[in-house]
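Written below as structure tokens is the structure these notes are about.
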Amino acid sequence: MRNEITAEQLNAEQFIQEKVREIQNSVGDGTAVNALSGGVDSSTVTLLGHRALDGRLKTIFVDNGIMRQGEPEQVVRLFKGLGVSVEVVDARKEFFNALKGITDPEAKREAITQTFYRDVFGRMVRASKAKCLLQGTILTDIDETVAGIKRQHNVFEQLGINPQEAFGYRILEPLVQLRKDGVRKVGEALGLPAELFGRIPFPGPALAARVIGEVTPERIETVRKATVVVERLLRGRGAFQYMAILHEDRVTGMRNGRRDFGQQIEVRCWDSVDARTATPTSLPFNILQKLAADILQEVPGVVSVTYNIASKPPSTIEAV
Ligand code: XMP
């Protein structure tokens, strides 16, 4: 594995030139497929790949049903503006079927990984006759997987899995020497709008990483609605990442004068540079009160809202 390039060491222009050359060498005169989720890493890799391969790179957005509100449409529109056409693949049923009945966090991550790589991308790559899948794995993903903290959805070789044998295609990971702060510099240099390169990180397993217990379309809808509130109120305050988490256990609440054994949403908001360590943002109490009021108002079935005040480690940024 190649060495880390820190954001301070990084010369973005030189990095882009090198990676463009490497991608061209690896793909030769063939074609490649790339998976865009709209996050910082996959957006950066999409532009890098198009700079290297132009029309020989097919960019896919997999609608897995566990993304944030309006995300597929927003990503397609933003990339259209950058001259990249994105094909949306509707795989919602497939993902929910794969997640049915699973409550263990690693088993959930594994179900998502297999559905993405073996099933959906496997089909796409075979249909397009591409040899490679280009993706935005970064160093932090690998660190945490190797350390056994969390199996990141996009890490294989470090776990002894050969994608060629397991899925029938090669995986190219041009950002694997960088961390989030370095990726942002590369994204900016490639011309990604601030709306994209400045976006808060969002995990590959998407909202499924924020549902404790079984992931169902209904439970995703609950956490999705809470996410809308959290992002609306916490955007622009300089935090590294913020999120809503749906808990599994219920608590007694009251609604319209009656007992309501309802659901609980936990809000997390993190200060961090590179996601390796993180501390909770010291939010003003009136913002916390507004978060609670708006979530209780806008998310049906929720009777409790809490704010996480533990640091990483021992916490992690996502709940699953
Ligand atoms: P954790 O929860 O491990 O997260 O403290 C560290 C950073 O990584 C993001 N994250 C992921 N990103 N695939 C990804 O691409 C994943 O499976 C995944 N899990 C967590 C998380 O949002 C945070 O920024």
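No gaps in the numbering here: position 206 of the sequence shown is 591 in my numbering, and each next residue is one more.
The C-beta atom is built at its ideal place from N, Cα and C for all residues, glycine as well.
Sequence-distant Cβ neighbours of GLN549 in its own chain, meaning closer than 6 Å and more than five residues away, are ARG555.
Relative to the ligand XMP, ASN539 has its C-beta within less than 7 Å of a heavy atom. Here DSSP, grouped into helix, strand and coil, assigns LYS570 to helix. Within the DSSP secondary-structure output, PRO665 pairs in a beta bridge with TRP655.
Between the alpha carbons of ARG609 and ASP414 lies a gap of roughly 42 Å. The segment 428-443 and the segment 531-538 do not touch, with fewer than three beta-carbon pairs separated by less than 8 Å. With fewer than three CB-CB distances shorter than 8 Å, the segment 637-645 does not count as touching the segment 610-621.
Per DSSP, ASN482 is one residue of the alpha helix (DSSP H) stretching across 477-484. The Cβ-Cβ distance between GLY567 and VAL510 does not fall below 8 Å. The three-state secondary structure of GLN649, taken from DSSP, is strand. Relative to the non-hydrogen atoms of the ligand XMP, the Cβ of ALA660 comes within a distance shorter than 7 Å of at least one. Judged by DSSP in its simplified three-state form, TYR554 adopts coil rather than helix or strand. DSSP links PHE446 through a beta bridge to VAL473.
At a cut-off of 4 residues, the continuous stretches assigned as alpha helix (DSSP H) that sit fully inside the segment 398-455 are 425-438. Relative to the ligand XMP, the beta carbon of ASP645 is positioned no closer than 7 Å to any heavy atom. Taking all protein chains shown into account, ASN419 has 16 or more neighbouring C-beta atoms within 10 Å of its C-beta and is therefore buried.
The beta-carbon separation of LEU581 and SER428, rounded to 5 Å, stays under the 8 Å limit for a contact. Under the DSSP definition of a beta bridge, LEU519 partners with ASN419, LEU557.
Take the alpha-carbon of SER470 and the one of ALA483: they are about 28 Å apart. When the Cα atoms are used, GLU599 and ASN693 turn out to be separated by approximately 21 Å.
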